[in-house]
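Notes to accompany the following structure.
Protein chains: 2
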Amino acid sequence: MGRKSLKEPRQKEIIKAFYKVAKKEGLENASIAKTAESIGINPSLVMHYFKTREHLIYGLIEYILDKYLLIYKIPSEYAAHPRDTLLKVIDNIFSSKWNTLFDDSVSYSCYSLAFRNKIIKEKYKKLLDALRKRLEQLIVDCKSKGALVAEDPALTADIIFVLVDGAYYYLSLVDDKEEYQHKLLQYKKQALTHLNFVSSAQLRK
Amino acid sequence: MGRKSLKEPRQKEIIKAFYKVAKKEGLENASIAKTAESIGINPSLVMHYFKTREHLIYGLIEYILDKYLLIYKIPSEYAAHPRDTLLKVIDNIFSSKWNTLFDDSVSYSCYSLAFRNKIIKEKYKKLLDALRKRLEQLIVDCKSKGALVAEDPALTADIIFVLVDGAYYYLSLVDDKEEYQHKLLQYKKQALTHLNFVSSAQLRK
DNA sequence: ATTTATATTGAATGAACATTCAATTAATTT
DNA sequence: AAATTAATTGAATGTTCATTCAATATAAAT
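Sequences listed follow chains L and F, in order. Everything in the first sequence is counted per my numbering, starting at 1 for the first residue and increasing by one. Everything in the second sequence is counted per my numbering, starting at 1001 for the first residue and increasing by one.
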């Protein structure tokens, strides 16, 4: 009996609002008051659903992960063939789609908190590992079909994401659109080289 | 006439203090009051030398650059041979020396500010480019001695730093010492592979 | 010793902050 | 309709913050 709980949807709503404020003004300026005001609720309500501001940030990191995992969502017409799937995912990673998933500014700010907060560190590690695991699985699928050569799929996936993270670390500072596209393509080529795809000619042998 | 200016040394002293506070409590918690107190001066004095807190951060970024450039300082016994120099620098980059240069937490926090502040963005871009340029020069030196094959030294240097930045992005979240060392070695090998050194056997030909 | 420029202090400002607590409102069950 | 449970509000707390301004102290030059 009693009133139905609105906990889950409310929490998600608050996290989304918190993210929006952080995106606009920076995580360090994203306050509970601003968050509450942006969705027309009382600041106390935020505190009701999140013990502290830190807990709100924990929620935000889970939200980041959900968003980033969307790079693995690809149109169903690709999904039938592992090779096409993997190539499409690489396309997603090295394209403007990456930036539409989640604001890098917020992501880096959350990341920097990991250095002084164990829980955040664990959550972020989990995030990076989740992204790697999914890519590893795609590589394994390709390998089993003979579409590529990979001695150690986990390592390959890891190196690819090292490239990705390093790439956007630099690219985020590049304003010139041409330079941006040029570099992005270079980095993508690097990643593809690493993936060691078997050429169609070789496949036919 | 009038009193001698203490501007430069005082500014540097304040920046160092600011860095120390940021290292300990996080950049977002590094206040002018705490910084001033840590070196026993009045907060107003900080404001006297830095118009705003932002200007203090600008100074901090220049300080970061100075520190990071120290990876290129190597013992003189290596300096005679480009190959040894480059290898030593790679050693420096992929070793615990990297972390002693500058606190990653502070660095990432500054970096994240680039997304909402053009000046910081430019300064950080300059920082990354400076690190790349120095490495490029080392590669060019090696190339001219025939110690390695590099079609495009600038690109090679860029890719190496993409690997470095991506590597530490992940490694900063790894607590397990063994895993850390293992991964670090893997990443270092990647970097060395990219450098395309000519083997001593080939050199003798 | 007076002038001059800079260093340094001290007090005050108002704004924003996270968090608390008690009170009220709204929905659901018996 | 009475009881119950959760949602939501409102007011208040004390702290910290960056920044300001005027006042004072100190050193160098005339």
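No residue lacks a Cβ here, since even glycine has one placed at the ideal position from N, Cα and C.
N- and C-terminal bounds of the alpha helix (DSSP H) containing residue i
i: F/Glu1122; result: 1118-1144
i: F/Val1021; result: 1007-1025
i: F/Lys945; result: Because chain F here runs from 1001 to 1205, residue 945 of chain F falls outside it and cannot be looked at.
i: L/His81; result: L/His81 -> no alpha helix (DSSP H), and no H or E assigned at all.
i: F/Ile1074; result: Note, F/Ile1074: premise wrong, no alpha helix (DSSP H); not H, not E.
i: F/Asn1042; result: First-last for F/Asn1042: undefined, no H or E at that position.
i: F/Ser1107; result: 1104-1113
i: L/Asp66; result: 53-68
i: F/Val1164; result: 1153-1171
i: L/Ser96; result: 96-101
i: L/Glu37; result: 32-38
Member of the options whose CA lies at the smallest distance from the CA of residue i
i: F/Ile1120; options: F/Ala1079, F/Glu1054, F/Leu1069, F/Asp1103; result: F/Glu1054
i: F/Leu1135; options: F/Asn1117, F/Gly1146, F/Asp1152, F/Tyr1124; result: F/Asp1152
i: L/Ala157; options: L/Ala114, L/Ser144, L/Asp129; result: L/Asp129
i: L/Asn42; options: L/Leu60, L/Tyr111, L/Glu25, L/Ile14; result: L/Ile14
i: L/Lys133; options: L/Leu65, L/Ala33, L/Lys183; result: L/Leu65
i: F/Leu1127; options: F/Glu1062, F/Val1046, F/Asn1196, F/Ser1044; result: F/Glu1062
i: L/Ser96; options: L/Val140, L/Tyr168, L/Ser5, L/His81; result: L/Tyr168
i: L/Tyr111; options: F/Gln1137, F/Ser1172, F/Phe1115; result: F/Ser1172
i: F/Ile1032; options: F/Asp1141, F/Val1046, F/Glu1025, F/Asn1099; result: F/Val1046
i: F/Thr1193; options: F/Glu1178, F/Glu1179, F/Asp1176, F/Ile1159; result: F/Ile1159
i: L/Thr100; options: L/His48, L/Ile39, L/Tyr68, L/Leu86; result: L/Tyr68
i: F/Gly1146; options: F/Lys1016, F/Asn1196, F/Tyr1058; result: F/Asn1196
i: L/Glu179; options: F/Glu1008, F/Ala1150, F/Leu1155, F/Glu1179; result: F/Leu1155
i: L/Ser109; options: L/Gln11, L/Val198, L/Ala22; result: L/Ala22
i: F/Pro1009; options: F/Gly1059, F/Lys1051, F/Tyr1170; result: F/Gly1059
i: F/Arg1227; options: L/Lys12, L/Glu28, L/Gln11, L/Lys4; result: This structure gives no information on residue 1227 of chain F, because the portion of chain F shown stretches from 1001 to 1205.
i: F/Val941; options: F/Val1174, F/Leu1131, F/Ala1017, F/Asp1176; result: Residue 941 of chain F cannot be examined here, being either before or after the span of chain F that is shown, 1001 to 1205.
Residues of the segment 1146-1180 of chain F with a CB closer than 8 Å to any CB of chain L: list them in chain order, please. Leu1155, Asp1158, Ile1159, Phe1161, Val1162, Leu1163, Val1164, Asp1165, Gly1166, Ala1167, Tyr1169, Tyr1170, Ser1172, Leu1173, Val1174, Asp1175
Any 3 or more C-beta pairs closer than 8 Å across the segment 1181-1200 of chain F and the segment 1082-1100 of chain F: The segment 1181-1200 of chain F vs the segment 1082-1100 of chain F: in contact.
Cβ-based contacts, 8 Å cut-off: residues of the segment 186-199 of chain L near chain F: Close to chain F, meaning a Cβ-Cβ distance shorter than 8 Å, are the following residues of the segment 186-199 of chain L: Gln186, Tyr187, Gln190.
Taking a cut of 7 Å between CB atoms, which residues from the segment 10-43 of chain L lie near chain F? Gly26, Glu28
Members of the segment 106-138 of chain L near chain F, C-beta cut-off 8 Å: Tyr108, Ser109, Tyr111, Ser112, Leu113, Ala114, Phe115, Arg116, Lys121, Tyr124, Lys125, Leu128
Three or more C-beta pairs closer than 8 Å, one from the segment 69-89 of chain L and one from the segment 1065-1079 of chain F: is that the case here? no
Three or more C-beta pairs under 8 Å: does that hold for the segment 1096-1105 of chain F against the segment 98-108 of chain L? no
Which residues of the segment 1088-1108 of chain F have a Cβ closer than 9 Å to any Cβ of chain L? Give them in chain order. Asp1103, Asp1104, Ser1105, Val1106, Ser1107, Tyr1108
Enumerated in chain order, which unbroken segments of the alpha helix (DSSP H) with a length of 4 residues or greater are wholly contained in the segment 1179-1204 of chain F? 1200-1204
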